[in-house]
Amino acid sequence: MDTVHVPLGARAYDVRIGQDLIARAGDELAPLLARPKVWVVTEERVADLHLGRLMAGLAAGGVAMEALILPPGESTKSWPHLIRVVEWLLTEKVERRDVVVAFGGGVIGDLVGFAAAILRRGVRFVQVPTSLLAQVDSSVGGKTGINTEHGKNLVGAFHQPALVLADVAVLGTLAPRDFLAGYGEVVKYGLLGDAVFFDWLESNAPAMAAGDLTLRAEAVRWSVQMKADIVARDETEQGDRALLNLGHTFCHALEAATGYSDRLLHGEGVAIGCALAFELSARMGLCAQEDPSRVRAHLAAMGTKRDLSDIEGALPDADALLALMAQDKKVVDGKLRFILARGIGEAFVTADVPGNAVRNLLVDALRARPR
Numbered sequence: 002m003d004t005v006h007v008p009l010g011a012r013a014y015d016v017r018i019g020q021d022l023i024a025r026a027g028d029e030l031a032p033l034l035a036r037p038k039v040w041v042v043t044e045e046r047v048a049d050l051h052l053g054r055l056m057a058g059l060a061a062g063g064v065a066m067e068a069l070i071l072p073p074g075e076s077t078k079s080w081p082h083l084i085r086v087v088e089w090l091l092t093e094k095v096e097r098r099d100v101v102v103a104f105g106g107g108v109i110g111d112l113v114g115f116a117a118a119i120l121r122r123g124v125r126f127v128q129v130p131t132s133l134l135a136q137v138d139s140s141v142g143g144k145t146g147i148n149t150e151h152g153k154n155l156v157g158a159f160h161q162p163a164l165v166l167a168d169v170a171v172l173g174t175l176a177p178r179d180f181l182a183g184y185g186e187v188v189k190y191g192l193l194g195d196a197v198f199f200d201w202l203e204s205n206a207p208a209m210a211a212g213d214l215t216l217r218a219e220a221v222r223w224s225v226q227m228k229a230d231i232v233a234r235d236e237t238e239q240g241d242r243a244l245l246n247l248g249h250t251f252c253h254a255l256e257a258a259t260g261y262s263d264r265l266l267h268g269e270g271v272a273i274g275c276a277l278a279f280e281l282s283a284r285m286g287l288c289a290q291e292d293p294s295r296v297r298a299h300l301a302a303m304g305t306k307r308d309l310s311d312i313e314g315a316l317p318d319a320d321a322l323l324a325l326m327a328q329d330k331k332v333v334d335g336k337l338r339f340i341l342a343r344g345i346g347e348a349f350v351t352a353d354v355p356g357n358a359v360r361n362l363l364v365d366a367l368r369a370r371p372r
C-alpha cells in the first residue's frame, strides 16, 4: 500500500492506494470514529458489485454501517438527490462527529461530499472511490457539488475528506469504456505538468489498461501525488489549481450539450478537451504543431475518444457551444480563462485567447464530424 499525504494543516488527510483496501476498511476507518458506525451512500451498480465486501470489511474492524443506494449516472448529481441524501442522513440522526462514506465514482463522491459539507454545517466524510476517474482525480482535493440546468458543478463547496481509500482491485470490475473514460483524467496530469509521466504513460498505459494492477497502482499514485502537490499550494483554486482543469472548459460545454448523458462520459470529455486545448495552443503558436498530434496519437492508441467526431448524435453549433462555455466557473470579470500549453507537461492559465480562435477551432472540429 502506498500513502500520499495531502498537507492542509488541520484539514490534512491521507490517500491510501493499493489492492484489497475495501477488505480492511474497518481497520482504516476505526481511528476516525467517535462511535463504531458509518453511513454509506452508493449507487446501484457499485452496490451490486461491492457493497457486500465493504460491509464485511467494515465488520471485520468492528464497524457497523447503514446504506443508501441511489441510481447510477451523472443525472444523480442533482438537487433532488442532494435533498434525498441530506434528509436520509438527518433521519438517521447522523451527528457532526460521525463519518459518512462516499462509495462509488465521481458522481457519488461529489454529491455525498456536498451533502456532508452542508449537513449540520459540516460533517466528516471518507471517499472510497471505485472508478479510475474518481481514484485519480475527483476523490482528492475537496471539490464537491452538483450540476444544474445552467451547467456542471456550479453549486458546491470545498470540503476535504478525512481519508481516501483507493482500492485498485475494484477497477477490474469496470467496463472497458468506463476505465478508458477515467484514463482521460490520468493523461491530463502528464499533459499539464509532467512530461516524464506522459512518457511513462506512452510506454505503460496499454498494459495498465489490459489489467496490470501494479501499473494501475503506480498510475493512481503518480496522479494523486501531482494533485496533492497542487491542492496544497492552492486549495480553493485562486491560482495553480486551475491547471487541473486542462480540457475541462471544452468538456463541460460538451457534457451540457449532450445532456449529461451516456453519450459522453466525463473522462471522455476531458480527453477530447485536452486534445482541443493542445490544438488551440498550436494554432496560437504557443506549442509545436507536433504536440497535438502526439496527444491524439496516444489517445488513439488507448482507444479513447479524442475528437468531436467521436461523439454520437447531434451537437449544437459553435456559437451555442461558446455560450455554454461562458457559464464555466473559470469566467473572471466576464472573461473565460483557458488552460493552454507551451508543450507537453507545460500548461498555463490565460484569459488572453481571441474569441474567434476558439470559434474557428470549434467550427473546424464540428465540420469534421460525419454527416
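Per the numbering used here, the very first residue in the sequence shown carries number 2; after that it's consecutive.
All residues carry an ideal CB built from backbone N, CA and C; glycine is no exception.
Remember, it's a predicted structure, so these values are computed and weren't measured experimentally.
For this session: Could you check the C-alpha separation between residue 351 and residue 278 for me, to the nearest Å?
Result: If you number the sequence shown from 1, residue 351 lands on position 350. If you number the sequence shown from 1, residue 278 lands on position 277. Taking the straight line joining both Cα atoms gives about 12 Å.
For this session: Can you give me the start and stop residues for the alpha helix (DSSP H) that residue 363 sits inside?
Result: On the sequence shown, position 362 is the one that residue 363 refers to. Its alpha helix (DSSP H) spans residues 356-368.
For this session: Answer with buried or exposed for residue 186, where buried requires no fewer than 16 other C-beta atoms within 10 angstroms of its C-beta.
Result: Position 185 of the sequence shown, counting from 1, holds the residue named residue 186. Under this definition residue 186 is a buried residue.
Problem set entry | Inter-stretch contact at 8 Å, needing at least 3 Cβ pairs: the region 281-293 / the region 202-219 | no
Exercise. DSSP on residue 273, reduced to helix/strand/coil?
Worked result: Position 272 of the sequence shown holds residue 273. Here residue 273 sits in helix by DSSP.
For this session: Answer yes or no: do residue 182 and residue 266 have a C-beta to C-beta separation smaller than 8 Å?
Result: The residue given as residue 182 occupies position 181 in the sequence shown. The residue given as residue 266 occupies position 265 in the sequence shown. Closer than 8 Å, so yes.
For this session: Specify the secondary structure class of residue 225 as computed by DSSP and reduced to three states.
Result: Position 224 of the sequence shown, counting from 1, holds the residue named residue 225. In the structure shown, residue 225 sits in a helix (DSSP, three-state: H, G or I).
Exercise. On the premise that residue 370 lies in contact with residue 310, defined as a C-beta separation below 8 Å, what is that separation, rounded to the nearest angstrom?
Worked result: Walking along the sequence shown from the start, residue 310 turns up at place 309. Walking along the sequence shown from the start, residue 370 turns up at place 369. Sure, about 4 Å apart at Cβ, within 8 Å.
Exercise. If we call anything under 8 Å between Cβ atoms a contact, is residue 158 one with residue 118?
Worked result: By 1-based counting over the sequence shown, the position of residue 158 is 157. By 1-based counting over the sequence shown, the position of residue 118 is 117. Yes. Within cutoff.
Problem set entry | Cβ neighbours of residue 216 in the same chain (closer than 7 Å, five flanking residues each side left out) | The sequence position of residue 216 within the sequence shown is 215, counting from 1. Within the same chain, residue 216 has close Cβ partners 205, 208, 209.
For this session: Return the chain-ordered list of same chain residues with a C-beta closer than 6 Å to the C-beta of residue 125, the five sequence neighbours on each side being excluded.
Result: By 1-based counting over the sequence shown, the position of residue 125 is 124. Closer than 6 Å at Cβ, skipping near neighbours: 100, 163.
Problem set entry | Beta-carbon proximity of residue 372 to residue 314, cut-off 8 Å | Residue 372 sits at position 371 when you count from the first residue of the sequence shown. Residue 314 sits at position 313 when you count from the first residue of the sequence shown. Not closer than 8 Å, so no.
Exercise. Of all the options 108, 301, 286, 102, which has the alpha carbon lying nearest to the alpha carbon of residue 188?
Worked result: As a first step, residue 188 is located in the sequence shown; it is residue number 187 there, counting from the start. Looking at the Cα atoms, 301 is the closest of the given residues.
Exercise. Per DSSP, what kind of secondary structure is residue 203 in: helix, strand or coil?
Worked result: In the sequence shown, residue 203 corresponds to position 202, counting from 1. Looking at residue 203 - three-state DSSP - the assignment turns out to be helix.
Exercise. In whole angstroms, what separates the C-alpha of residue 268 from that of residue 339?
Worked result: For this step, residue 268 is matched to residue 267 along the sequence shown. For this step, residue 339 is matched to residue 338 along the sequence shown. Roughly 18 Å separates the two Cα atoms.
Exercise. In the DSSP assignment, what residue or residues form a beta bridge with residue 165?
Worked result: Counting from one through the sequence shown, the residue named residue 165 turns up at place 164. The partner list for residue 165 (beta bridge, DSSP) reads 16, 128.
Problem set entry | Cβ neighbours of residue 116 in the same chain (closer than 7 Å, five flanking residues each side left out) | Your numbering for residue 116 matches position 115 in the sequence shown. Result list for residue 116: 83, 86, 87, 90, in chain order.
Exercise. With residue 56 and residue 38 assumed to form a contact (beta carbons below 8 Å), what rounded beta-carbon distance in angstroms separates them?
Worked result: Residue numbering aside, residue 56 sits at position 55 when the sequence shown is read from its first letter. Residue numbering aside, residue 38 sits at position 37 when the sequence shown is read from its first letter. The Cβ separation is near 12 Å, so there is no contact.
Exercise. Which stretch, first to last residue, makes up the beta strand (DSSP E) that contains residue 306?
Worked result: Mapped onto the sequence shown, residue 306 falls at position 305. It is not in any beta strand (DSSP E) - residue 306 carries neither H nor E in the DSSP assignment.
Problem set entry | Residues that DSSP places opposite residue 70 in a beta bridge | Reading the sequence shown from its first residue, position 69 is the one you call residue 70. Its beta-bridge partners are 43.
Exercise. In terms of DSSP beta bridges, what is residue 31 paired with?
Worked result: Counting from one through the sequence shown, the residue named residue 31 turns up at place 30. None, per the DSSP bridge assignment.
For this session: Can you give me the start and stop residues for the beta strand (DSSP E) that residue 340 sits inside?
Result: In the sequence shown, counting from the first residue as 1, residue 340 sits at position 339. Run containing residue 340: 339-342, per the beta strand (DSSP E) assignment.
Exercise. Mind checking whether the beta-carbon of residue 60 lies closer than 7 Å to any heavy atom of the ligand MG?
Worked result: Absence of the ligand MG is noted for the structure shown, with no ligands found whatsoever.
Exercise. Where do the N-terminal and C-terminal ends of the alpha helix (DSSP H) with residue 61 fall, by residue?
Worked result: For the purposes of this step, residue 61 is identified with residue 60 of the sequence shown, where counting begins at 1. Element bounds for residue 61: 53-61.
Exercise. What do you reckon, are the CB atoms on residue 114 and residue 160 nearer than 8 Å?
Worked result: Here residue 114 refers to the residue found at position 113 of the sequence shown. Here residue 160 refers to the residue found at position 159 of the sequence shown. The answer is yes: Cβ separation under 8 Å.
For this session: Rounded to whole angstroms, what's the CA-CA distance from residue 41 to residue 109? Just pull it up for me.
Result: Reading the sequence shown from its first residue, position 40 is the one you call residue 41. Reading the sequence shown from its first residue, position 108 is the one you call residue 109. For residue 41 and residue 109, the distance between alpha carbons rounds to 10 Å.
For this session: Answer with buried or exposed for residue 357, where buried requires no fewer than 16 other C-beta atoms within 10 angstroms of its C-beta.
Result: Counting from 1 along the sequence shown, the entry for residue 357 is found at position 356. Exposed, since its Cβ has fewer than 16 Cβ neighbours within 10 Å.
Exercise. Between the C-alpha atoms of residue 236 and residue 6, what's the straight-line distance to the nearest angstrom?
Worked result: Here residue 236 corresponds to residue number 235 of the sequence shown, with the count starting at 1. Here residue 6 corresponds to residue number 5 of the sequence shown, with the count starting at 1. Roughly 14 Å separates the two Cα atoms.
Problem set entry | Identity of the residues DSSP links to residue 3 by a beta bridge | Translated into the one-based positions of the sequence shown, residue 3 becomes position 2. BP columns for residue 3 point to 18.
Exercise. Which residues in the same chain have their Cβ closer than 7 Å to the Cβ of residue 227, if we skip the five residues on either side of it in sequence?
Worked result: The residue labelled residue 227 in the question sits at position 226 within the sequence shown. Excluding residues within five positions, the ones whose Cβ falls inside 7 Å are 190, 194, 195.
For this session: Give me whichever residues DSSP pairs with residue 144 in a beta bridge.
Result: Indexing the sequence shown from 1 puts residue 144 at position 143. The partner list for residue 144 (beta bridge, DSSP) reads 159.
Problem set entry | Of the listed residues 325, 327, 144, nearest to residue 238 (C-alpha basis) | Here residue 238 is taken as the residue at index 237 of the sequence shown, counted from 1. Closest option to residue 238, Cα to Cα, is 144.
Problem set entry | For residue 189, three-class secondary structure by DSSP | By 1-based counting over the sequence shown, the position of residue 189 is 188. Residue state, collapsed to three classes: helix.
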